[in-house]
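Taking our numbering, I'd label the letters of the sequence shown as residues -16 to 665.
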Amino acid sequence: MKTGKIFHAVIFLFLISCGTQIKGEKVGDFTIKEDGSIYFKDKKLIRIKKVYFSDYDLKIEENFIVGGFFKKSGTLKQKNEVSIKEKMKFSADGQKLFINTKTNGENSVELEIECDRKELFFGMGMQFDSSISNGKKRFIWVEEGHFGGDGQNPPFPDGEIKTYFPLPFFVSNRKYGFLLNSFSPSLFDFCSEQKETLRIILFDSEFSAELYYAPHPLEIVSIYTERTGRPKPVPDWVFSAWIDAIGGSEKVRKTAKLIREKGIRADVIWTEDWRGGKYIEPLGIYTIGGGTKPSRELYPDFETLVAELKSMGFKFLGYFNSFVLEGDEGWDELVKNNALIKYENGEIVKVMVPESQTAGGVKAGILDLTNEFAIKWMKNVMRSAEKYFDGWMADFGEWVPAKSKLSDNSTGVKSHNKYPLLWQKLQREFWEEVRPNGDFVFFTRSGYIGTQELSPVVWPGDQNTSWEKYDGLRSAVVAGISLSFAGVSLYGSDIAGYTSLISPSDKELYIRWTEFGAFSPVMRTHHGTNPDKNWRFDRDDETLALFKFYSEVHEKLKKYLKEYHQKAVEKGLPIIRHILLQYPEYEIFLQDDPECIETEYMLGDYILVAPVVEKGKRERNVFFPDGEWVDIFDGSVYRGHGFFKVRAPLWKIPAFFKKGSPAEEIFAGLAEKCGDYCKTER
-16 MKTGKIFHAV IFLFLISCGT QIKGEKVGDF TIKEDGSIYF KDKKLIRIKK
34 VYFSDYDLKI EENFIVGGFF KKSGTLKQKN EVSIKEKMKF SADGQKLFIN
84 TKTNGENSVE LEIECDRKEL FFGMGMQFDS SISNGKKRFI WVEEGHFGGD
134 GQNPPFPDGE IKTYFPLPFF VSNRKYGFLL NSFSPSLFDF CSEQKETLRI
184 ILFDSEFSAE LYYAPHPLEI VSIYTERTGR PKPVPDWVFS AWIDAIGGSE
234 KVRKTAKLIR EKGIRADVIW TEDWRGGKYI EPLGIYTIGG GTKPSRELYP
284 DFETLVAELK SMGFKFLGYF NSFVLEGDEG WDELVKNNAL IKYENGEIVK
334 VMVPESQTAG GVKAGILDLT NEFAIKWMKN VMRSAEKYFD GWMADFGEWV
384 PAKSKLSDNS TGVKSHNKYP LLWQKLQREF WEEVRPNGDF VFFTRSGYIG
434 TQELSPVVWP GDQNTSWEKY DGLRSAVVAG ISLSFAGVSL YGSDIAGYTS
484 LISPSDKELY IRWTEFGAFS PVMRTHHGTN PDKNWRFDRD DETLALFKFY
534 SEVHEKLKKY LKEYHQKAVE KGLPIIRHIL LQYPEYEIFL QDDPECIETE
584 YMLGDYILVA PVVEKGKRER NVFFPDGEWV DIFDGSVYRG HGFFKVRAPL
634 WKIPAFFKKG SPAEEIFAGL AEKCGDYCKT ER
């Protein structure tokens, strides 16, 4: 995290306005008035109504039986209102205001902020229900994503509001952004219990926040990334399609040959089960193996396979996480050097992870990434694998128990949200050491403040292979859009989902998810938990033709995506953008069709994308900003601004470029190449 001097002398002045003397505190270009209102020059941003120093009995209990889930509860023990003037310290740097305080021994700080009835709150990290948090509570605690909420999944704690990548940062349509700069857990209640009050509780005695002003929300995101880090460059091949291949050497070879024979535009193959894998009966779920070396059972000729893939022009990606199976190679050394996370009583944390199933129920420890031996050990493991790979999925990062204690003496409560950054920092340090030319990528699902700088690519974790609103295709679309307010540049989800608890993916879902994947910065497939039953890109000739076509569409976007990623590097601006992040002037239309606005997005400045996220739908509403918008596939022209019903037969995603823009040349001739299937109702 980038930091600056945030404690300045506080000077109280009397401001003269229209002949009336107004008492307030002048801090740079900001003014803090006696009623708690904060202005940037003459623009009112927020009003802090009350500040409390409180004591909470916060309980965060883990459930590691089937995943990294946590149940949160809290009991208020005491609550003392304090003077904003006396207890809050303010300092400024241009358009940034820094707000700090420390309690008198209480364990929490609570703010009550005026909630304007027309105010909209965007962001809060990777959210699966909505990019807008009005009327919702967001608990800031990194954990496994949503399983539940649509009646088709087990009712795990908190349902759809759980997320791998929460962020205590929001952007308001009142032209400000608010960052709670802390790793400690917090709760944001966006005017749900009291409609006039935005309530923020930080479960920590030290409070640090930042308030940013800018006339346009993209500028606010730019300021946020200036403060917390901006994305780094990636190699060109990242913008090609990535196809997963598992199940052993011959299956991977077969997939690679098919890609080349059919002319699919994919330059990346990734193999999640390179360390092993097996089916777990009677569920029929495929789980990966553990360890540090290639599985000779599945990949007896792994080195030869890798050489063949590279000779065919593929980049090859693998898989790692920060778990170590008990008794596996390195376990004894790690235990001896206190390099595994322990509970407060000194007992090693042991959890059931995917590799546990493959290993017959053996539990795993979690690497303590505040321990130098753990970091060195993991780097050595990765160094032995680097000769095979150009990167990998750096999975998990959400499982640090609240009641643990790490090697640096930090508690689990204070280290939990930091752990994803420690994991990503380790990955980036390693790859920059072994590939200083930058020819690598890794991708992560867990995140926090600063992930957009450390992790090259973010994916939204384990969606169901379904149409579920909060855990299927729609949720992957919304997650990518909500991350735009976090400055995440490169995003892509599993085509077509991962978790098959009820039913595998079918052809229609696979096609719709492929459409969305092609118009994401990263287009990547996944076999899911039930690879034999889930639909694949090569399951039938029609799907293969579709996938080939959309891989070509994604390839056409390559130059455009590279240019916009460079803008992310330079200015911190995301590639995927909520329509109101790009065009805030149209917020009035949100009330007319919020679902439409929430599931369409801008790809850079000039491409509008509106994925079909409901089963059986062959048209959808699309909101068009001002200008002329040309259908990429059939050349139809829509003149904004306003809503239009757009035809969307299967195989045709509603996607448009702005007429006269640089994006026009990208899709020249595509309507003809698309062929009859783009004109056929399916």
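Glycine included, every Cβ here is placed at the ideal spot set by N, Cα and C.
Fill in: Closer than 7 Å: residue 453 CB and nearest the ligand NAD heavy atom
Among the components of this structure there are no ligands whatsoever, and the ligand NAD is therefore not found.
Practice prompt. Helix, strand or coil for residue 137, going by three-state DSSP, please let me know.
Written response: The predicted model places residue 137 with a pLDDT of 47, which falls under 50 and marks its position as unreliable, so this point remains unresolved.
Practice prompt. Return the CA-CA distance between residue 354 and residue 45, expressed in angstroms with no decimal places.
Written response: The alpha-carbon of residue 354 is positioned some 23 Å away from that of residue 45.
Worksheet item: Can you list, in chain order, the residues of its chain whose CB lies under 6 Å from that of residue 282, leaving out five sequence neighbours each side?
Response: 232
Worksheet item: In terms of alpha-carbon separation, which member of 206, 181 and 169 lies closest to residue 188?
Response: 169
Discussion item. Just to check my reading of the structure: residue 228 and residue 252 have Cβ atoms closer than 8 Å, yes? What is that Cβ distance to the nearest angstrom?
Written reply: 5 Å
Discussion item. Quick check: the Cα distance between residue 80 and residue 198, rounded to an integer number of angstroms?
Written reply: 15 Å
Worksheet item: Between the Cα of residue 181 and the Cα atoms of 165, 205 and 155, which residue gives the shortest distance?
Response: Residue 155 is the option with its Cα nearest to residue 181.
Worksheet item: Considering only C-alpha positions, which residue in the set 445, 426 and 432 is nearest to residue 438?
Response: 426
Worksheet item: Can you tell me whether DSSP reads residue 56 as helix, strand or coil?
Response: Strand.
Worksheet item: Looking at C-alpha atoms only, which residue of 60, 263, 208 and 95 is the closest neighbour of residue 466?
Response: Comparing Cα-Cα distances from residue 466 to each of 60, 263, 208 and 95, the minimum goes to 208.
Worksheet item: Under the three-state reduction of DSSP, which class applies to residue 651: helix, strand or coil?
Response: coil
Worksheet item: On the three-state DSSP scale, how would you describe residue 203?
Response: helix
Fill in: beta strand (DSSP E) segment containing residue 624, residue limits
620 to 630
Worksheet entry | Coarse secondary structure for residue 368, derived from DSSP in three states | helix
Fill in: Contact between the segment 552 to 564 and the segment 476 to 489 (3+ Cβ pairs under 8 Å)
no
Fill in: DSSP-derived helix/strand/coil call for residue 535
helix
Worksheet item: Quick one: any contact between the segment 299 to 307 and the segment 366 to 384, if contact means 3 or more CB pairs under 8 Å?
Response: yes
Worksheet item: In its own chain, which residues sit with a C-beta less than 6 Å from the C-beta of residue 652, not counting the 5 before and 5 after it?
Response: none
Item to complete: Please report the Cβ distance between residue 469 and residue 435, rounded to the nearest whole angstrom; I am assuming they are in contact, meaning their Cβ atoms lie under 8 Å.
Response: 6 Å
Worksheet item: Helix, strand or coil: which one does DSSP assign to residue 345?
Response: coil
Discussion item. Just verifying my parser: in three-state terms, what is the DSSP assignment at residue 61?
Written reply: If DSSP states are grouped into helix, strand and coil, residue 61 belongs with the strands.
Worksheet item: Residue ranges of each beta strand (DSSP E) run of no fewer than 3 residues wholly in the segment 563 to 601, ordered along the chain?
Response: 584 to 586 and 590 to 592
Discussion item. Which of the three DSSP states is assigned to residue 646 in this structure?
Written reply: helix
Discussion item. On a Cα-Cα basis, can you pick out the residue from 333, 260 and 359 that is closest to residue 320?
Written reply: 359
Item to complete: For residue 197, name the three-state secondary structure that DSSP assigns.
Response: coil
Discussion item. Given a cut-off of 8 Å on the beta-carbon distance, is the pair residue 113 and residue 461 in contact?
Written reply: yes
Discussion item. I need the straight-line Cα distance from residue 289 to residue 636, nearest angstrom please.
Written reply: 35 Å
Worksheet item: From 533, 605 and 365, pick the residue whose C-alpha is nearest to that of residue 650; which is it?
Response: When only C-alpha atoms are compared, the closest one is 533.
Worksheet item: Rounded to a whole number of angstroms, what is the C-alpha to C-alpha distance between residue 2 and residue 587?
Response: At residue 2, the pLDDT of 34 sits below 50, so the modelled position is not reliable; the number obtained from the coordinates is stated separately. Going by the C-alpha atoms only, they are around 47 Å apart.
Practice prompt. Please name the residue or residues paired with residue 253 in a DSSP beta bridge.
Written response: 227 and 300
Worksheet item: Run through DSSP, which three-state label would residue 287 get?
Response: It is helical.
Practice prompt. Using the Cα positions of residue 266 and residue 157, report the straight-line distance between them to the nearest angstrom.
Written response: 50 Å
Worksheet entry | Close-in-space but distant-in-sequence residues of the same chain around residue -8 (CB under 7 Å, 5 per side omitted) | Unreliable positioning characterises residue -8 in this predicted model, as indicated by a pLDDT of 33, which lies under 50. The coordinate reading is nonetheless provided below. Taken in chain order, the list of residues that qualify is empty.
Worksheet item: Could one say the Cβ of residue 365 lies closer than 8 Å to chain B's Cβ atoms, at least one of them?
Response: Among the protein chains of the structure shown there is no chain B, as only one such chain exists.
Worksheet item: What are the boundary residues of the beta strand (DSSP E) that residue 27 is part of?
Response: Here the beta strand (DSSP E) through residue 27 covers 26 to 46.
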